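Here is the structure we will look at, set down as structure tokens.
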Ligand code: PSU
Ligand code: MN
């Protein structure tokens, strides 16, 4: 695939220096304006402060870009821009129609891998939706983790999902799931309450980087999921966010929301239900993930 890699990202990769991929669906579809542009800039700064080069990934005029300038970040964040939410299945049409797209975890992983970027930070991955036995709604992020060799740092699957079932699918797919300094899989806005134990706890970026290099050197292709709990000061305890999640799921059902609109609808509804508290938490957790991803990328480069 033809991709455009920003100069500083290309130079860092060529010199074996740490690079952290960042996704763009969170900018265009996950957070409202102007919080989205503030966080897009803050994420890049956080990665730089930790000694790594940020590479936000998106598609412009049908060309996948690895690393964006301020103008392109602003275009993604502008509610007036026409930016598609792009997962793996949407990429061919973006290429053929030469339009703009914001990449989900799945699409960002595959483009990061094409560019040679091994570590990627997001907020929360997509997964198995509640009621998936009837709706079949399982995010394309899960099969991507099964096949694409990138380490994804998140604050857990989004708590709108069925987290235990998401863990089952990841186990079936052979994806190592690591709890960073935690025993329970974090539940996105909450440190606990997911009801799932982490399959593997690791407490340092160095141990995670060592697992990555051993996995891929052994020819075991596919992703690794690092779950990093939101800082305690920023969390919404599970008991407090639960009602907003239930109300959002109900509203989505009533409005007949399906397909790729589901997750943005739920996040937006929960933001309103919590008077913006979920938005502050979302911002804090994604920044926290960018910092850990930079630590892992640095440790991985030394391996
Ligand atoms: N993390 C966030 N906010 C988001 C997302 C992640 O804090 O909006 C996005 C990611 O791009 C992820 C997507 O891949 O939500 C999941 O969408 P779906 O459930 O349609 O696969
Ligand atoms: Mn879905």
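Residue numbers (the working numbering): 738 to 1040. A virtual CB, placed ideally from N, CA and C, is assigned to each residue, including glycine. For clarity, every value in this text was computed on a predicted model and none was experimentally measured.
Same chain, Cβ closer than 6 Å to residue i, neighbours up to 5 away in sequence not counted
i: residue 801; result: 740 and 848
i: residue 869; result: 875
i: residue 899; result: 865 and 867
i: residue 1007; result: 981, 985 and 1015
i: residue 810; result: 777
i: residue 937; result: 915
i: residue 1031; result: 757, 784, 787 and 789
i: residue 971; result: 1018 and 1021
i: residue 781; result: 791
i: residue 897; result: 982 and 1003
Local conformation of residue i per DSSP, three classes
i: residue 880; result: helix
i: residue 829; result: helix
i: residue 851; result: helix
i: residue 818; result: coil
i: residue 740; result: coil
i: residue 768; result: coil
i: residue 957; result: coil
i: residue 946; result: helix
i: residue 933; result: coil
i: residue 752; result: coil
i: residue 972; result: coil
i: residue 967; result: coil
i: residue 897; result: coil
i: residue 865; result: strand
i: residue 875; result: strand
Enclosing beta strand (DSSP E) for residue i [first to last residue]
i: residue 800; result: 800-803
i: residue 917; result: 914-917
i: residue 791; result: 790-797
i: residue 759; result: 756-759
i: residue 964; result: 961-964
i: residue 889; result: 888-891
i: residue 856; result: 856-858
i: residue 839; result: 838-840
Contact test: residue i Cβ vs ligand 1 heavy atom, cutoff 7 Å
i: residue 760; result: yes
i: residue 1015; result: no
i: residue 1007; result: no
i: residue 899; result: no
i: residue 837; result: no
i: residue 772; result: no
i: residue 802; result: no
i: residue 877; result: yes
Nonlocal neighbours in the same chain, by C-beta distance under 8 Å from residue i, ignoring five residues either side
i: residue 743; result: 792, 802, 803, 804, 805 and 806
i: residue 1063; result: Residue 1063 lies beyond the stretch modelled for the chain, which goes from 738 to 1040, so this question has no answer here.
i: residue 999; result: 866, 874 and 989
i: residue 913; result: 936, 937, 948, 952, 961 and 962
N- and C-terminal bounds of the alpha helix (DSSP H) containing residue i
i: residue 822; result: Element bounds for residue 822: not the alpha helix (DSSP H) but the beta strand (DSSP E), 821-823.
i: residue 1004; result: 999-1010
i: residue 938; result: Where residue 938 is concerned, there is no enclosing alpha helix (DSSP H), although the beta strand (DSSP E) it sits in stretches over 937-939.
i: residue 909; result: 900-909
i: residue 1023; result: 1014-1039
i: residue 870; result: 869-872
Near ligand 2: residue i beta-carbon under 7 Å from a heavy atom
i: residue 822; result: no
i: residue 887; result: no
i: residue 976; result: no
i: residue 874; result: yes
i: residue 999; result: yes
Chain-order list of residues whose beta-carbon lies under 7 Å from that of residue i (same chain, five-residue window excluded)
i: residue 766; result: 822, 839 and 1001
i: residue 1069; result: The requested residue 1069 is not part of the displayed model; the chain covers only 738 to 1040.
i: residue 994; result: 1002
i: residue 746; result: 756, 790, 792, 803 and 804
i: residue 779; result: 1024
i: residue 901; result: 932 and 933
Between the CA atoms of residue j and residue i - distance to the nearest angstrom
i: residue 884; j: residue 958; result: 7 Å
i: residue 917; j: residue 940; result: 5 Å
i: residue 951; j: residue 923; result: 25 Å
i: residue 771; j: residue 1026; result: 21 Å
i: residue 773; j: residue 915; result: 28 Å
i: residue 926; j: residue 964; result: 12 Å
i: residue 759; j: residue 1018; result: 18 Å
i: residue 814; j: residue 808; result: 10 Å
i: residue 969; j: residue 1013; result: 18 Å
i: residue 930; j: residue 892; result: 13 Å
i: residue 871; j: residue 996; result: 14 Å
i: residue 1046; j: residue 1028; result: No statement about residue 1046 is possible, as the shown extent of the chain runs from 738 to 1040 and does not include it.
i: residue 844; j: residue 762; result: 10 Å
i: residue 975; j: residue 928; result: 8 Å
i: residue 888; j: residue 858; result: 8 Å
i: residue 904; j: residue 911; result: 11 Å
i: residue 751; j: residue 854; result: 11 Å
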